[in-house]
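One structure is given below, encoded as structure tokens.
See below:
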């Protein structure tokens, strides 16, 4: 017995460490401390601030508590799932082996022993002082003749129980490996249920008959050894990748699960989005799409700055961070999250570019819709341009309805979009919305390419610290940098050249090729006097930073937006971005310029204009 007990302790320790480690990986470290700190702040405000909105604070308190409990519960459930699976698969074998060692049966509660029939005869107590031991385990058949009727049991070598219909105890006993027979509650008479019959091997632990001695030792060891793994074995800051620990994107278990659900079930949520449109048909019918504005440029060209500046003007409606991940059903998702929303602390976004965001900040979240209707748009071997001939009527209908939903939600008249990949869809969007305006930021290629290189390094570090980040970015439609990155293909062969450069460790060359091909496409749109050219404004990032008020006024006038008087205030928030080209070697600068020079000159850029030469 000592050897078996030692094995049970070791097995429990292993399972406990595994459970604690898994839970720690699923539920972010420090989550409980942050939760209690937030709750403490709310309590102090409720008690000390006479002007505080008690009802609002109380709702915040309840909402945060439920969210925290939900995260912890889901974390425990997911961490326990491998152990539950192990118990389900190996539990019956263990019970059969343990029961084969027993020579007697026991009944719980003790007074139910008088109702036990063994081989058709009332059971006899076999041992003095052990009234619970009621019959030999070698019996052929076992029945319980309770006041309300006779109940056949599975056999003397099985763990079995009789429970009332609807009793939670039946679920608990089933999870412990018992064969459960459900009967009407009146069957028990004056016997308190459940009635348990199982083989007995001299077990003395206080959890008998629910757990035998070896089982109790196993579970106790598991609980004991899971504590240090859950609360002491935390990842140290020094173990994280340098430069990533301060701004590592925090993806909670619930965020991860919801994002996976929205991504894998895109077809269902598209269907649900159509149903949503039907529910709000009357309201949406009153919304007209007037001159939608599409801001599109390669990542790191200033698209977010332009988006935030224009979104601050009156009557402008755009997506917000809160719309993700269920982007296809914005009305339903907004209605759900509004019930649980609480205070939102502004944080610098993970790009480390000084842009501070909240859940209400504008952001690009059209891409999950595009990649559902056009699966090839992030295939590294496919051409990503979408024009009239390869468009989709279904997408046009769904997307138009989606824009109306955003206008209705945000109470706006002009829809504002930011989408880096819309660069290759301008002609298609112009066909869908004949009065649309397109603003295309462009940046000096040396600065732009090196900023992309640095961002890719940063997001790769994030992904190494948390492997879920790559999938999260892909679900949101971000393939610009990180391990999931995919080049933008405008012409046949471009993507392959980019991939070859990236795979050889020459990220700057790959991004330079992509910069040249994408902005060559834009340049050709404007130079061939295409009708789209009249609705397309190229905005140089350097001009926006040097003269923000003048640059922003030109954008506002071009788009026909109201609120020109607010331009100066918005322009005051523009800051010159960090200069990257000064950290390049001369060879890197020349390699980049070799790929981009002919296109860069079309936008007025010269090699000697880069900060490294000034």
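Numbering (my numbering), first residue to last: 166 to 779.
Note that the Cβ used here is the ideal one computed from N, Cα and C, for glycine as well.
- Non-local C-beta neighbours of residue 422 in its own chain, meaning closer than 8 Å and more than five positions away in sequence, comprise 239, ordered along the chain.
- In the structure shown, residue 748 falls within a helical segment according to DSSP collapsed to helix, strand and coil.
- In this structure, 376 is the residue among 360, 307, 376 with its C-alpha nearest to the C-alpha of residue 367.
- Proximity to residue 470 across 457, 519, 487 peaks at 519, based on C-alpha coordinates.
- The Cβ-Cβ distance between residue 419 and residue 650 does not fall below 9 Å.
- For the set 560, 608, 247, 609, the Cα lying nearest the Cα of residue 593 is the one of 560.
- Going by beta carbons, residue 584 and residue 391 fall outside the 9 Å limit.
- By the C-beta density criterion, residue 700 is buried, having at least 16 other C-beta atoms within 10 angstroms.
- With respect to the C-alpha of residue 534, the residue from 480, 639, 481 having the closest C-alpha is 639.
- The residues 325, 344, in chain order, have a CB closer than 7 Å to that of residue 319 in the same chain once the five nearest residues on each side in sequence are set aside.
- Going by beta carbons, residue 230 and residue 204 fall inside the 9 Å limit.
- Within the DSSP secondary-structure output, residue 580 pairs in a beta bridge with 482.
- For residue 457, no beta strand (DSSP E) encloses it, and the DSSP letter there is neither H nor E.
- A straight line joining the alpha-carbon of residue 501 with that of residue 334 spans about 34 Å.
- Taken through DSSP and simplified to helix, strand or coil, residue 279 comes out as helix.
- Annotated three-state conformation of residue 513 is strand, per DSSP.
- Cβ contact annotation for residue 284 (same chain, cutoff 8 Å, sequence separation greater than five): 304, 305, 306, in chain order.
- As DSSP reads the structure, residue 363 sits in a beta bridge with 271.
- In this chain, the alpha helix (DSSP H) harbouring residue 713 covers 713 to 724.
- Take the alpha-carbon of residue 726 and the one of residue 589: they are about 25 Å apart.
- Residue 628 sits away from residue 489, with the two beta carbons spaced by 9 Å or more.
- Residue 472 and residue 606 have their C-alpha atoms spaced approximately 11 Å apart.
- The three-state reading of DSSP puts residue 504 in coil, since its state is none of H, G, I, E or B.
- Take residue 600, set aside five residues on each side of it, and the residues of its chain with a beta-carbon closer than 6 Å to its own are 456, in chain order.
- With three or more CB-CB distances shorter than 8 Å, the segment 270 to 283 counts as touching the segment 356 to 365.
- When the Cα atoms are used, residue 452 and residue 483 turn out to be separated by approximately 15 Å.
- Straight across, the Cα-Cα distance linking residue 503 with residue 617 is about 36 Å.
- Taking all protein chains shown into account, residue 647 has 16 or more neighbouring C-beta atoms within 10 Å of its C-beta and is therefore buried.
- If you check the CB distance, residue 681 and residue 675 do not come in under 9 Å.
- Here residue 603 carries a strand assignment [DSSP, helix/strand/coil].
- Its chain contains no residue whose beta carbon lies nearer than 6 Å to that of residue 567 once the 5 sequence neighbours on both sides are disregarded.
- Here the alpha carbon of residue 678 sits roughly 21 Å from the alpha carbon of residue 625.
- Boundaries of the beta strand (DSSP E) around residue 310: 307 to 311.
- With distances taken between CA atoms, residue 708 lies nearest to 770 out of 757, 770, 689.
- Taking C-beta atoms under 8 Å as the contact rule, residue 446 and residue 563 fail to qualify, at a distance of about 14 Å.
- Between the alpha carbons of residue 339 and residue 329 lies a gap of roughly 13 Å.
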